[in-house]
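Enquirer: Residue numbers (the working numbering), protein chains in the order written: chain A, 1096 to 1432; chain B, 1096 to 1432; chain C, 1096 to 1432; chain D, 1096 to 1432.
Just dropping this structure here.
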């Protein structure tokens, strides 16, 4: 078997995970890694990577590279994808492609014209809990879908310094839930109504953002989804999905540290959920990159593509407009698909 | 101990429950019952009630009556309360007082001027599950409240013949949830956004109603509630509440038929929820009427009063306006409290 | 409908419950009550009972009495049943009939020769949780039965003054579990091995008793049951049953105060079980006495009879012998059924 | 860092897992592998192992080897450990060392005299569920320990051809539970009473074995443990532990495939447990071998040693004697520790 030759750009928290997950795959050879900081480069060297760069452009020149994994900061994504597209490399890029709709459309146009494969890193699609729900919905276990409910709360609010560059709650955090809303029932969204506030920390409000939100989505067939988001849940990372339909309902619950139940004179006690996305989605990250590799090898469709990134961005922009104008916003007001 | 003398108007499903619950109270003597149908009157006679009427006006003339329980059809509530008010009787009335805001305001004005006690039958306030949640929220167990989530789904859609006279989903069904949203965190609602559709049965749409809805409520302090309603859940009566706050979250789950878990080669299986409101809220009905009686005896405040009925109606009317105009509606657009 | 005329002997904790449960039945008239203490008699008077006695013999003379409920202290049971048998009354008697096997056999012989109906108060047979398990087992939901597991722990150890008169852990507490072991799979026990210790309080040991035990029962067909008992569980009344078989397993869990789940930075928290037998089996007591009444009216078999009391006693005596001699004891060593 | 040089003997199901888990450790170099069958050797070659043997004696001659992992058939364990001991290698050996007590004592004597490190593969000690229970017990969360309950059921009975060579239920299967009983509360067992039968398949009985058992263990301080075993649970691998004490109770439940709950008109449905030990204990195997490596590197005590293997064997032999003679057997009857 000829191995697929991979390069990685950006060896931060997620980049490290992708690197480790690629290194255990027999089908993959990691031939190069790029990070502007020495900490990231040293991590790669310790993992046995020989070609380590501080410049993306330098790295991508290596013609033997089949595919590049982009887990650098968001504002580099579009540039790096474009460079890879011009070089004819397959790309796995962390979401979002960019926070600017125009820019995303341009990148996708280039990707399309160059005929390269582009997968977006919506890791939750590879979580076994949500996959089980999607499968049951797809098999008709709950009949015709009526309502999707998504709860998505982070264990700790990020620092305001991060918030101001994040694109805001809807593009930084809810965007995963917008993708989940589309994915779990395989339907497109046509309208968004968002309501939110800075309830955790008034600083969010000062920088023009919110930390808590409730979003009503309407699907093309008139069915609905509701998402509730919070930047900080005292009890940890809360990632639940419920789908209700004509014949029943299916839910996915949080993954706890362990199953123990302690009973004492106060009541019974159970564990907290796994701390945050790195813990909760550890397996999902493995499967995500494996599925990308396998799709390249088998020349099959990618499980998440550029359009998925685009649609989530559009919904996010509609949510921003909705909260500004306090009214439901049609997705078509943002972009005519 | 002198017993409080009670009369009941309307011996249908709920009326029978109230009658039985009053009969087991040592502090109460049921002196009269009224029902236009012989079936209801015969039920009362079998229960040992001696004075049985087919006319409300006739019954209310009995000057020994201290209090009247009104569980007759909705369109008689306002009239019956007014007659009782003129006669100086305390009143326990099933919700809603009336579907017309003007009429409700007039009744409440009369009630106030006559100085009689009026309690509305929001039975869910007396359910031990929701009371536990409210108590924990009140004690600060979850810190500052951010979000209330209410799921309320009936086990079976009513016939269309009932639907057309019901006042519609928001005034017939969601009104309980509007009351719960106010009750559970003890805050007033200022804005309503409702989205809905006829997903179960297109006949709902034909008669100008919906069978499925998602409602976003905004409290006076900017915190939020989301309610999801369905006229028909295949798995039965779904009555859940979740309150999320700065220090945690508390949930009340459905009451199941029993605790059994059956494990076989297909997985594990548990019971359905208790069938419908008569089963789920059997104890709540007992406590509700007991608390009414005790408030009369002890001359304390009623646990639910006319204003609670008014506020829920206003929210319901705002929801109706919201869905018609597809926009968030301020409660103050309906009525200036 | 002619009402069955009932008398009650012993108005302690359980007697009060039986009295109240009989008073709400339309098919029953409580014509007399007996209690040697004025507190019990006054309770009955307040409940409207006119004929109140301090002597059982006096009470039983009333020839109009159809049935007597015996909830007086254990050492009176045998005498009272015999007197009732001679008077031709049907009897509902709290367990145990007597702690002495010879005495029980004599009473049962008399009951049989007089042809009266005798039901023993094994209240747990009427608990909806265990009934659901029994029903599923009976329907073959778990295939052929292999193992029964019963956990039975009290919330608080009784005072030593009670313990010394109780007959010991096996006859006072485990006897309910011996009955459950027979009832839940409808099989007879042939061998008992008991192991126990005074782990909660060494005083138990001083008075020749134990407070903690593990009992292995072998059924006639070689299948097994295990019971674990404790006089004191810090988290409350623990009443669980599990039945394992060739096609699966079914469990009944504890009944909690409510369904709430509180999530905070420490984990998630749930309620304690209902406090003790009066709370947990409140409904079971109602159904038990109702089924007794209905069996009398319909002249059908009693759901628990004298033999059930006898069998549990025999198993209990075998357990006592087993722990004394530290060896498995055949039930037939105690009594040849 | 100098890497520890490892050799492996036996590349069956468990051997493969150990090999893969060693290969991902930076602290380890796997220098040799031995398997009498070509299938096992080829697996090792594919994993990049260069020195592959069909003779254990040949392999062990390599003086660079620091430690050997023995996952060959049970009847080779004692020989292989002895050879390794003579060669001065540290040993990780799958349980049991041998089914013959004399043989085990001899091996342990040699191990001791040669001063090599020997760890036994009681994988369940490294399962996060049981570790959490042990930690809570150790911290006093349930007060003084009174009772341990272990349920251990396999998803499918092995073929009779396996059974006859397995040493029987107690030495093949229950031995894990005997170790758990000691481990979870850190106490020694002094007495065993076992009861069992062939309920799943009469063939077990024909070959002198049982497929279902209930075992009562008594600890040195008079507290107790109960174990229930079955060779086949229709719903899968059932691995639960419960510890009850003076201040509460703690339980570990099964690990399910996922958290989903499906609600339909029949009730609610959840997943099966993870299929069998390879799935349930996948992480435990990783941690077990990692802890062995770290103990070697850090020269600390091994988490499981030869004496742990000895004690479990003694309890198993006592269980065999108990069931044969149908009486409780003192551990000291088997061996004076």
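We put the beta carbon where it would ideally sit given N, CA and C, even for glycine.
Determine contact between the region 1333-1353 of chain B and the region 1319-1336 of chain A, defined as no fewer than three beta-carbon pairs at a distance below 8 Å.
Expert: yes
Enquirer: Check whether the Cβ atoms of residue 1348 of chain B and residue 1335 of chain B lie closer than 8 Å to each other.
Expert: yes
Enquirer: Looking at the structure shown, is residue 1101 of chain C part of a helix, part of a strand, or coil, going by DSSP?
Expert: strand
Enquirer: Please compile the residues from chain D whose C-beta is within a distance smaller than 8 Å of the C-beta of residue 1228 of chain A.
Expert: 1355
Enquirer: Does any C-beta atom of chain D lie closer than 8 Å to the C-beta of residue 1139 of chain A?
Expert: no
Enquirer: Compare the C-beta of residue 1323 of chain D against all C-beta atoms of chain C and say whether one is closer than 8 Å.
Expert: yes
Enquirer: Note down, in chain order, every chain A residue with its Cβ under 9 Å from the Cβ of residue 1328 of chain B.
Expert: 1339, 1343, 1344
Enquirer: Please report the distance separating the alpha-carbon of residue 1153 of chain A from that of residue 1175 of chain A.
Expert: 12 Å
Enquirer: Closer than 8 Å is the cut-off here; do at least three beta carbon pairs connect the region 1403-1419 of chain A with the region 1263-1279 of chain A?
Expert: Contact between the region 1403-1419 of chain A and the region 1263-1279 of chain A is present, because at least three Cβ pairs lie under 8 Å.
Enquirer: Consider the Cβ of residue 1295 of chain B: report whether some Cβ of chain A lies at a distance smaller than 8 Å.
Expert: So yes, residue 1295 of chain B belongs to the interface.
Enquirer: Rounding to the nearest angstrom, what Cα-Cα distance links residue 1226 of chain D and residue 1360 of chain C in this structure?
Expert: 21 Å
Enquirer: Are residue 1163 of chain D and residue 1252 of chain D close, meaning C-beta to C-beta below 8 Å?
Expert: no
Enquirer: Determine whether the Cβ of residue 1236 of chain D lies closer than 8 Å to any Cβ atom of chain A.
Expert: yes
Enquirer: Contact between the region 1176-1190 of chain C and the region 1211-1225 of chain C is defined here as three or more beta-carbon pairs at a separation below 8 Å; is this criterion met?
Expert: yes
Enquirer: Please decide whether residue 1391 of chain A counts as near chain D, where near means a Cβ-Cβ distance under 8 Å.
Expert: no
Enquirer: So residue 1352 of chain A contacts chain B; which residues on that side make the cut at Cβ distance below 8 Å?
Expert: Under the 8 Å cutoff, chain B gives no residues; its nearest Cβ is about 17 Å from residue 1352 of chain A.
Enquirer: When you compare the CB of residue 1231 of chain D with every CB in chain A, is at least one pair closer than 8 Å?
Expert: yes
Enquirer: Excluding five sequence neighbours on each side, which residues of the same chain lie with their C-beta closer than 8 Å to the C-beta of residue 1351 of chain A?
Expert: Result list for residue 1351 of chain A: 1365, 1366, 1367, 1368, 1369, in chain order.
Enquirer: State whether the region 1196-1208 of chain B contacts the region 1130-1147 of chain B, with contact taken as three or more CB pairs (one from each stretch) at a distance under 8 Å.
Expert: The answer is no - the region 1130-1147 of chain B does not touch the region 1196-1208 of chain B, with fewer than three Cβ pairs under 8 Å.
Enquirer: Run down chain F in chain order and give the residues with a C-beta less than 7 Å from the C-beta of residue 1366 of chain A.
Expert: No chain F appears in this structure, whose protein chains are A, B, C and D.
Enquirer: When DSSP labels each residue in this structure, what does residue 1228 of chain A get in the three-state scheme?
Expert: In this structure, DSSP gives residue 1228 of chain A a helical state, which the three-state scheme calls helix.
Enquirer: Strictly by DSSP, which residues pair up with residue 1148 of chain A?
Expert: Per DSSP, the beta bridge partners of residue 1148 of chain A are A/1129.
Enquirer: From which residue to which residue does the beta strand (DSSP E) around residue 1286 of chain B run?
Expert: 1284-1292
Enquirer: Using beta carbons (cut-off 8 Å, strictly below), is residue 1369 of chain B in contact with chain A?
Expert: By the rule that beta-carbons nearer than 8 Å mark a contact, residue 1369 of chain B does not touch chain A.
Enquirer: For residue 1278 of chain D and residue 1209 of chain D, I'd like the C-alpha separation in whole angstroms.
Expert: So the alpha carbons of these two residues sit roughly 27 Å apart.
Enquirer: Give the interface partners of residue 1224 of chain B over in chain C, defined as CB-CB distance under 7 Å, in chain order.
Expert: Result: 1353, 1354, 1355.
Enquirer: Output the distance between the C-alpha atoms of residue 1157 of chain D and residue 1110 of chain D, rounded to the nearest integer angstrom.
Expert: 20 Å
Enquirer: First and last residue of the alpha helix (DSSP H) that includes residue 1197 of chain D?
Expert: 1196-1209
Enquirer: Can you confirm whether residue 1218 of chain C, when its beta carbon is compared against all beta carbons of chain B, has any partner nearer than 8 Å?
Expert: no
Enquirer: Cutting at 7 Å between CB atoms, please list the residues of its own chain near residue 1425 of chain C, excluding the five before and the five after it.
Expert: Same-chain partners within the cutoff: 1285, 1286.
Enquirer: If you draw a straight line from the C-alpha of residue 1168 of chain A to the C-alpha of residue 1192 of chain A, how long is it?
Expert: 10 Å
Enquirer: Who are the neighbours of residue 1255 of chain D on chain A, taking C-beta pairs under 9 Å?
Expert: Result: empty, since nearest Cβ-Cβ is about 34 Å, beyond 9 Å.
Enquirer: From residue 1178 of chain C to residue 1256 of chain C, what distance separates their C-alpha atoms?
Expert: Each residue's alpha carbon lies about 29 Å from the other.
Enquirer: Return the first residue and the last residue of the beta strand (DSSP E) that residue 1401 of chain D is part of.
Expert: From DSSP, residue 1401 of chain D is part of no beta strand (DSSP E) but of the alpha helix (DSSP H) over 1401-1420.
Enquirer: List in chain order: all unbroken alpha helix (DSSP H) runs of 4+ residues lying wholly within the region 1343-1398 of chain A.
Expert: The qualifying runs are 1372-1375, 1377-1393.
Enquirer: Quick check on residue 1383 of chain C: buried or exposed, where buried means 16 or more other Cβ atoms within 10 Å of its Cβ?
Expert: Buried.
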